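Step one of this worksheet: look at the structure below.
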Amino acid sequence: MRKKSSRKRPTRFRAFRLVLLIGLLLTMGLIFLVSTLGNQEFGPLHKMLFQSVGPVQKVVARSTNYFRSLKKEYVDLLRVREENTRLWAELQECRAALYKSREAMATNAMLRRLLDFKRNSRLPTVAATIIGKDPSLWFRSVIIDRGSTDGVRKGMAVVTGEGIVGQVFAVAPGYAKVLLAIAPSSAIDVLLQKSRVRGILKGTGSLTYRLEYILKTVDVAKGDRVVTAGYGGLFPTGLPVGVVSRVIRKRRGMFQEIEVKPAVDFLTLEDLLVIEQERRTLE
Amino acid sequence: MVVITFLAIGLLLVILQTTLFMPTPVWPAAPDLYYILVAYLAYRMDLLRSLVILFPLSCVLDVLSGTVLGMYPAICFGGFFLLRFMADRLPVRESLYQVPMIAVSYLVVNWLVYVVLFFLEPVVLIPWSWPLVLLRAGLIIVFSFPLFRFFERVNKRLQGGFSPLKRLRVRTGNRFR
Numbered sequence: 017m018r019k020k021s022s023r024k025r026p027t028r029f030r031a032f033r034l035v036l037l038i039g040l041l042l043t044m045g046l047i048f049l050v051s052t053l054g055n056q057e058f059g060p061l062h063k064m065l066f067q068s069v070g071p072v073q074k075v076v077a078r079s080t081n082y083f084r085s086l087k088k089e090y091v092d093l094l095r096v097r098e099e100n101t102r103l104w105a106e107l108q109e110c111r112a113a114l115y116k117s118r119e120a121m122a123t124n125a126m127l128r129r130l131l132d133f134k135r136n137s138r139l140p141t142v143a144a145t146i147i148g149k150d151p152s153l154w155f156r157s158v159i160i161d162r163g164s165t166d167g168v169r170k171g172m173a174v175v176t177g178e179g180i181v182g183q184v185f186a187v188a189p190g191y192a193k194v195l196l197a198i199a200p201s202s203a204i205d206v207l208l209q210k211s212r213v214r215g216i217l218k219g220t221g222s223l224t225y226r227l228e229y230i231l232k233t234v235d236v237a238k239g240d241r242v243v244t245a246g247y248g249g250l251f252p253t254g255l256p257v258g259v260v261s262r263v264i265r266k267r268r269g270m271f272q273e274i275e276v277k278p279a280v281d282f283l284t285l286e287d288l289l290v291i292e293q294e295r296r297t298l299e
Numbered sequence: 015m016v017v018i019t020f021l022a023i024g025l026l027l028v029i030l031q032t033t034l035f036m037p038t039p040v041w042p043a044a045p046d047l048y049y050i051l052v053a054y055l056a057y058r059m060d061l062l063r064s065l066v067i068l069f070p071l072s073c074v075l076d077v078l079s080g081t082v083l084g085m086y087p088a089i090c091f092g093g094f095f096l097l098r099f100m101a102d103r104l105p106v107r108e109s110l111y112q113v114p115m116i117a118v119s120y121l122v123v124n125w126l127v128y129v130v131l132f133f134l135e136p137v138v139l140i141p142w143s144w145p146l147v148l149l150r151a152g153l154i155i156v157f158s159f160p161l162f163r164f165f166e167r168v169n170k171r172l173q174g175g176f177s178p179l180k181r182l183r184v185r186t187g188n189r190f191r
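Residue numbers (my numbering), protein chains in the order written: chain A, 17 to 299; chain B, 15 to 191.
Put into structure tokens, the structure is as follows:
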């Protein structure tokens, strides 16, 4: 008997629990239905659910955002690296183009000066480029890429847009050697533009000339311009030679010691003009 | 082949000296590379071949530099015979001591040639400057080491010959013949 009653008790209890659960579910469903279909407001259940789900949603949303932004940053970084490489290459190209354009501008300015000189002087000239320089310590000369086939002859004057450079010393069919005016063996007839006094301009080997045979009685001052005299027909008259940079009057002797700064910058010589003279003049 | 190769090297050195190493017409620090070749010929090559190389080389130098013809042959041949004489007479024949001798001979020969030219044509020369000449001598010392190694390598290669058949030659086992 005892055994029978002990078997029935759990069965009853189980049935009671089932009924209770179904009742609870139905009640909750009823509440949900009423609150949903009713005044459309968040009821306590909604609020409770909302409150309990919110933090989970928040954590998941944050972590999702974090990973999403991480991925985006990584992708962006890859893109930035690519872009950086591309921009560097572009910058290099721009710099190279800038250097080229600066070089072209400088060359253009120099050639323009040569062209202006050619137009203004109205002398027949041959354009030449320096291809070699004298490495010796005792002489000053350059090699140009024009020779006798281009009409260049020994003794012809060589100039740039700024002034005189020297004269042709030796000629081959395609090339010529130019003795620079700063060479000690160079001597050119010149005039002091202000006083019209004639002198001989000699090279010193450095970047200055020495003006000789100017009497002490002549008024010479620093800054006076020196131009070619044109005697002998080698150099045309009035070509710029330089500017007086120093005048020394010694007690002894008849002449002044005059230093002239060249009009031409011998350090940047590149393109030149050879003035074609008649053969008779040269001979 | 040796003569032609060294002549070509000499011409290349002269061209480099008149172009690459001379940025401006008054540049003082251009190394006289041709003189290092002169020294190499004096130390390492026989007289006949050296003279065959030196003659056209000095003529080219005369054409490209200076206004007095014959100056460079005087420097080249003077330097060549002086170095040869010194190499024969000096007890020390190590390469290390030969390099300063090149600079010394350069100074001596240049000074002698300058003195002669000064008496013959005093107007054409730029005044002698010891600092500049010593600078050039120093540059010769600096460039001597790499150029001597280069010349030596070229010379060895030329002495060995370019024919690949020599390398493929089957040798007998007897190494004492």
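Virtual Cβ for every residue (Gly too), placed ideally from N, Cα, C.
Predicted model only: the values in this text are computed from it and were never measured.
Query                                                                                                                        : Result
Presumed contact (8 Å Cβ cut-off) between B:A43 and B:L121, rounded CB distance                                              : Not quite, the Cβ-Cβ distance comes to about 16 Å (not below 8 Å), so this is no contact.
Secondary structure of A:R118, DSSP reduced to three states                                                                  : helix
Chain A contact residues for B:I195, given Cβ-Cβ distances below 9 Å                                                         : It is not possible to answer for residue 195 of chain B, since the shown part of chain B is limited to 15 through 191.
Three-way DSSP call (helix, strand, coil) for A:V15 in this model                                                            : An answer regarding residue 15 of chain A cannot be provided, because it is not within the stretch 17 to 299 covered by chain A.
N-terminal and C-terminal residue of the beta strand (DSSP E) that A:L288 is part of                                         : 287-291
Any chain A beta carbon closer than 7 Å to B:A44                                                                             : yes
Where B:M85 falls, given that 16 or more other Cβ within 10 Å makes a residue buried                                         : buried
Nearest neighbour of B:L27, chosen from B:V123, B:G174, B:F157, B:E166 [CA to CA]                                            : B:F157
7 Å CB neighbourhood of B:R191 in its chain, flanking five on each side removed                                              : Low per-residue confidence applies at B:R191: pLDDT is 46, beneath 50, and the placement is therefore not dependable, though the value from the model is reported in the following sentence. Contacts found: none.
A:R30 - DSSP class collapsed to helix/strand/coil                                                                            : helix
Short Cβ contact (7 Å threshold) for A:L207 with A:A173                                                                      : no
Beta-carbon proximity check, A:V257 vs A:I180, cutoff 7 Å                                                                    : yes
Between the CA atoms of B:D102 and A:L285 - distance to the nearest angstrom                                                 : 46 Å
Residues, ordered as in the chain, of the stretch 279-292 of chain A that lie near chain B by beta-carbon distance below 9 Å : F282, L283, T284, L285
Proximity test, Cβ basis, 7 Å: A:K149 and chain B                                                                            : yes
A:L42 versus A:Y82: straight-line alpha-carbon distance, rounded                                                             : 41 Å
C-beta neighbour in chain B for A:L227, strict 7 Å                                                                           : no
Beta-carbon neighbours of A:F185, restricted to chain B and to distances below 8 Å                                           : T81
A:R28 versus A:Q73: straight-line alpha-carbon distance, rounded                                                             : 42 Å
Through-space distance from B:F99 to B:V77, alpha-carbon basis                                                               : 28 Å
Short Cβ contact (7 Å threshold) for A:I198 with A:G215                                                                      : no
8 Å contact criterion, which A:K218 and B:T32 should meet: CB distance rounded                                               : About 25 Å separates the two Cβ atoms, so there is no contact after all.
Secondary structure of A:P278, DSSP reduced to three states                                                                  : strand
Three-state class that DSSP yields for B:F35 in the structure shown                                                          : coil
Coarse secondary structure for A:F271, derived from DSSP in three states                                                     : strand
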